[in-house]
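All letters in the sequence shown, in the order written, are residues 0 to 206 by numbering that gives the first Met the number 0. Structure first, commentary second.
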Amino acid sequence: MLNIALPKGRLGDQVYRLFAEIGYPCPGLEEDNRKLVFEEKEKGVRYLLVKPSDVAIYVERGAADLGVAGRDCLLESRPDVYELLDLGIGLCRIVVAAPEGYVEDMDRALRVATKYVNTARDYYASRNREIEVIKLHGSIELAPILGLSDVIVDITETGGTLRENHLRILTDILPVSARLIANKSGYKFKKERMDEIVGKLTEVTKK
Numbered sequence: 000m001l002n003i004a005l006p007k008g009r010l011g012d013q014v015y016r017l018f019a020e021i022g023y024p025c026p027g028l029e030e031d032n033r034k035l036v037f038e039e040k041e042k043g044v045r046y047l048l049v050k051p052s053d054v055a056i057y058v059e060r061g062a063a064d065l066g067v068a069g070r071d072c073l074l075e076s077r078p079d080v081y082e083l084l085d086l087g088i089g090l091c092r093i094v095v096a097a098p099e100g101y102v103e104d105m106d107r108a109l110r111v112a113t114k115y116v117n118t119a120r121d122y123y124a125s126r127n128r129e130i131e132v133i134k135l136h137g138s139i140e141l142a143p144i145l146g147l148s149d150v151i152v153d154i155t156e157t158g159g160t161l162r163e164n165h166l167r168i169l170t171d172i173l174p175v176s177a178r179l180i181a182n183k184s185g186y187k188f189k190k191e192r193m194d195e196i197v198g199k200l201t202e203v204t205k206k
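See below:
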């Protein structure tokens, strides 16, 4: 069986449709239930529904042979996996945002609220800017509004949530999309099958 870790939610639904299109359907996934493991013996595939930020862990540790994770998660957790393909879906960007009218004080460390700690540190290190990282796991937009931070580093698709909270984008750090990743040991033993999947996915995503 080929174990494939899919991120829960809308992105996972998109990814599953891609796999179904290339010949790896699993009808159980389209049913309304709370199962987390779906097996299609005839096709030799088992899908695992996983929290998006955990996909890379399942793949790195061999619980899954393949997985789909956002570039943001991969850059943040830096797993020891093979990145096989940019699927060109789940398009977002990681940005720096601040309240409207914000003016940076260069005489002190910049307070940055984010869940992307490594990404924020790498970005500001490249600018030789001293920062204080405030790690949050949700509602990042609240931090500068309540004076907890000066700016935030967060992911956005359209910028709508930022605008609704009277925040403006100061700069884009990097673009984000969904990536197909593989366990390194699994790839050695299932290379032919995985390469076939990569080839078929390349065809459907380039249409």
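Ideal Cβ placement from N, Cα and C applies to all residues, glycine included. Source: prediction; values computed, not measured.
Looking at the structure shown, is residue i part of a helix, part of a strand, or coil, going by DSSP?
i	result
P51	helix
A119	helix
E38	strand
T201	helix
V95	strand
D71	helix
V141	Per the sequence presented here, residue 141 reads as Leu, with Val not at that position. The answer is helix: DSSP assigns L141 an H, G or I state.
R45	strand
Could you work out which residue in the options is closest to residue i when comparing CA atoms only?
i	options	result
L10	G66, K199, H136	G66
D79	E99, K183, R110	K183
I93	V116, I144, G22, E20	V116
I168	K134, A96, K34, A68	A96
G209	A4, G22, Q13	Absent from the structure is residue 209, since the part of the chain shown begins at 0 and ends at 206.
D171	T204, L109, K206, Y122	Y122
Y81	V203, L109, G185, T201	G185
Hey, how far is the Cα of residue i from the Cα of residue j?
i	j	result
L246	D106	It is not possible to answer for residue 246, since the shown part of the chain is limited to 0 through 206.
S119	V111	One detail in the question is off: residue 119 reads as Ala in this sequence, not Ser. One C-alpha to the other measures close to 8 Å.
F18	R77	25 Å
P6	E140	24 Å
D31	K205	31 Å
P24	L48	15 Å
V102	L109	11 Å
Would you kindly check if the distance between the Cβ of residue j and the Cβ of residue i is under 9 Å?
i	j	result
C91	V150	no
T113	D64	no
I88	V36	no
L1	V58	no
A68	I180	yes
- request: Give a yes or no on contact between the region 122-132 and the region 189-205, applying the rule of three or more CB pairs nearer than 8 Å.
  value: no
- request: Please confirm if the region 161-176 is in contact with the region 46-66, defined as three or more CB-CB distances below 8 Å between the two stretches.
  value: no
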